[in-house]
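According to numbering that gives the first Met the number 0, the sequence shown is numbered sequentially starting from 0.
For glycine and all other residues, C-beta sits at the position ideal for the given N, C-alpha and C.
Encoded as structure tokens, the structure appears first; notes follow it.
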Amino acid sequence: MADTPHIPDEAETRARWGSFAWTAENAEKARTILARYPAGRQQSASLPFLDLAQRQVGAETQTQGWLPVPVIEFVARELGMPYMRVFEVATFYTMFNLAPVGRYHVQVCGTTPCMLAGSDEVMKACRNHGLNKGKTTPDGLFTLTEVECLGACANAPMVQINDDNYEDLDYDRMTAILEALARGETPPAGSQTGRRASCPEGGPTSLAAMVNDNHDYRGEWA
Numbered sequence: 000m001a002d003t004p005h006i007p008d009e010a011e012t013r014a015r016w017g018s019f020a021w022t023a024e025n026a027e028k029a030r031t032i033l034a035r036y037p038a039g040r041q042q043s044a045s046l047p048f049l050d051l052a053q054r055q056v057g058a059e060t061q062t063q064g065w066l067p068v069p070v071i072e073f074v075a076r077e078l079g080m081p082y083m084r085v086f087e088v089a090t091f092y093t094m095f096n097l098a099p100v101g102r103y104h105v106q107v108c109g110t111t112p113c114m115l116a117g118s119d120e121v122m123k124a125c126r127n128h129g130l131n132k133g134k135t136t137p138d139g140l141f142t143l144t145e146v147e148c149l150g151a152c153a154n155a156p157m158v159q160i161n162d163d164n165y166e167d168l169d170y171d172r173m174t175a176i177l178e179a180l181a182r183g184e185t186p187p188a189g190s191q192t193g194r195r196a197s198c199p200e201g202g203p204t205s206l207a208a209m210v211n212d213n214h215d216y217r218g219e220w221a
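Encoded structure:
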């Protein structure tokens with residue numbers, strides 16, 4: 000398929016990542032993670048270990064990060080698990096990238112609520128900014144992926160870029176986000192229309208007094 004991400008040659012991948020090991024900081028984080036689970040249940044740490052490994056790859060490559068096969072093998076050894084068991088986890092969750100991505104991984108939700116709310120315009124803004132599905136831009140900044148529901152249907156259409164959600168988008172708002180990222184800026188995450196959380200457009204229609212009085216109780220809740 001034309002939008003299938005390109006996975007580097009295995010020899011190239013092993014030459015680059017075959018000696019992967021935790022940094023000192025991440026080794027300490029890995030010990031902390033593993034201590035959360037009872038003895039003999041270390042396979043439960045496969046998700047946070049893969050996430051930590053992907054973030055380390057990202058830090059080393061100045062991208063969002065990905066999981067080369069040698070890195071997955073390293074995680075399997077760390078947990079005393081068969082490689083295939085860890086690979087199954089990495090391939091099941093779309094939070095893990097099995098091919099290199101850019102500094103900003105733009106994941107556009109194309110599921111029905113976002114589609115009905117205008118995700119085609121969001122995708123059009125991406126295309127007009129030089130992004131193509133499954134590809135990384137020549138400058139290495141952006142990788143575009145169309146994904147399934149990201150759980151912000153009330154604020155559709157939305158995208159996830161690295162760890163942040165951007166919601167209530169249209170063509171112009173998406174363009175502005177991409178332009179800000181390209182300039183090295185960090186646009187504010189969340190609703191791009193000023194909507195608070197997932198309140199209805201125009202503000203809350205029920206329990207409005209409680210919403211308005213939240214500031215009186217915030218200190219107690221904290």
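Asked: Do the CB positions of TYR170 and MET157 come within less than 9 Å of each other?; Found: no
Asked: Would you tell me roughly how many angstroms separate the C-alpha atoms of VAL74 and PRO37, rounded to the nearest one?; Found: 18 Å
Asked: Contact between the stretch 9-25 and the stretch 64-82 is defined here as three or more beta-carbon pairs at a separation below 8 Å; is this criterion met?; Found: yes
Asked: Nearest CA to the CA of GLN63: which residue from ASP50, GLU72, TYR103?; Found: TYR103
Asked: I'd like the list of long-range same chain contacts for ILE160, defined as Cβ closer than 6 Å, with 5 residues on each side in sequence excluded.; Found: TYR103, VAL105
Asked: Taking just the CA atoms, how far does LEU78 sit from SER45?; Found: 7 Å
Asked: CA-CA distance, THR12 and ALA23?; Found: 23 Å
Asked: Would you give the residue range spanned by the alpha helix (DSSP H) that THR174 belongs to?; Found: 170-181
Asked: Give every residue of the same chain whose Cβ lies closer than 6 Å to the Cβ of THR144, excluding the five residues on either side of it in the sequence, and list them in chain order.; Found: GLN106
Asked: Pick out whichever of ALA179, ALA20, LYS132 has its Cα sitting closest to the Cα of ALA52.; Found: ALA20
Asked: Please report the straight-line C-alpha distance between LEU223 and LEU206, rounded to a whole angstrom.; Found: Nothing can be reported for residue 223: it is not among the residues displayed for the chain, which extend from 0 to 221.
Asked: Short check: CB of PRO186 to CB of ALA175, under 9 Å?; Found: yes
Asked: Considering Cα atoms alone, identify which of VAL88, PHE95, ALA151, TYR92 is closest to ALA116.; Found: ALA151
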